[in-house]
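**Student:** I have a structure I would like to understand better, so I am pasting it below and will then ask my questions one at a time.
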Amino acid sequence: MKRPPRTADATTTEGDAALDATFEALADADCRAILSAAATPKTTSELADDCDIALSTAYRKVELLSETPLLAEGVRFDPDGDHAAEYVRDAGDAAIELGDDGVTLTVDDGGADPLAAALDAPGISAD
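If you use the numbering used here, the sequence shown corresponds to residues 35 to 161, in order.
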């Protein structure tokens, strides 16, 4: 299941599946390229083109990133009814803390608003 955009900072700790998925995604060059390209909302096809990766690879990487607090999914509405999923980076900063209780990852959205970014994207209108 896809995660909606965060409304506050996200913290993951040991035992949280999102922690492992986040580290796995950050260790992957294609995922990092997708995060860079997803500064504005884009479909998986657009991300694949921008990152010069195969569409099937882009789908797998977006799926992995969707399990983390790094990427949010939205919907690109089409007047013809051909709506498409689109993705936007949902993180501006991340901090790792090593403590007595294990590893803690805190992801800050950097004040970004994925909904506002979607409305500012070319071809997107709230009207």
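For each residue, glycine too, the CB sits at the ideal point set by N, CA and C.
Just so it is clear, the structure is predicted and the values come from calculations on it, not from any experiment.
By the three-class DSSP mapping on this structure, what secondary structure does isoleucine 130 have?
**Tutor:** Looking at isoleucine 130 - three-state DSSP - the assignment turns out to be strand.
**Student:** Whole angstroms is fine: what's the gap from alanine 59's alpha carbon to aspartate 114's?
**Tutor:** When rounded, the distance between both Cα atoms is 34 Å.
**Student:** Comparing C-alpha positions only, which one of Leu132, Gly133, Asp134 and Ala128 sits nearest to threonine 140?
**Tutor:** Closest option to threonine 140, Cα to Cα, is Ala128.
**Student:** List the endpoints of the continuous alpha helix (DSSP H) containing aspartate 83.
**Tutor:** Aspartate 83 -> alpha helix (DSSP H) spans 78 to 85.
**Student:** Between alanine 119 and glutamate 131, how many whole angstroms is the CB-CB distance? I'm expecting something under 8 Å.
**Tutor:** With 8 Å as the limit, alanine 119 and glutamate 131 do not qualify as a contact, their Cβ atoms being about 33 Å apart.
**Student:** Anyone know if the C-beta pair for cysteine 65 and leucine 89 falls short of 8 Å?
**Tutor:** No, the pair does not count as a contact, with Cβ atoms beyond the cut-off.
**Student:** My output table needs one value for threonine 138: the three-state DSSP class, helix, strand or coil.
**Tutor:** Three-state DSSP puts threonine 138 in a strand.
**Student:** Quick check: the Cα distance between leucine 25 and aspartate 134, rounded to an integer number of angstroms?
**Tutor:** Outside the shown range of the chain, which is 35 to 161, sits residue 25, and nothing can be said about it.
**Student:** Compute the Euclidean distance between the alpha carbons of alanine 171 and proline 103, then round it to the nearest angstrom.
**Tutor:** Lying outside 35 to 161, the shown extent of the chain, residue 171 is not represented and no answer is given.
**Student:** Report yes if the CB atom of glycine 126 is closer than 8 Å to the CB atom of aspartate 112, and no otherwise.
**Tutor:** Their beta carbons are not under 8 Å apart, which means glycine 126 does not touch aspartate 112 by this criterion.
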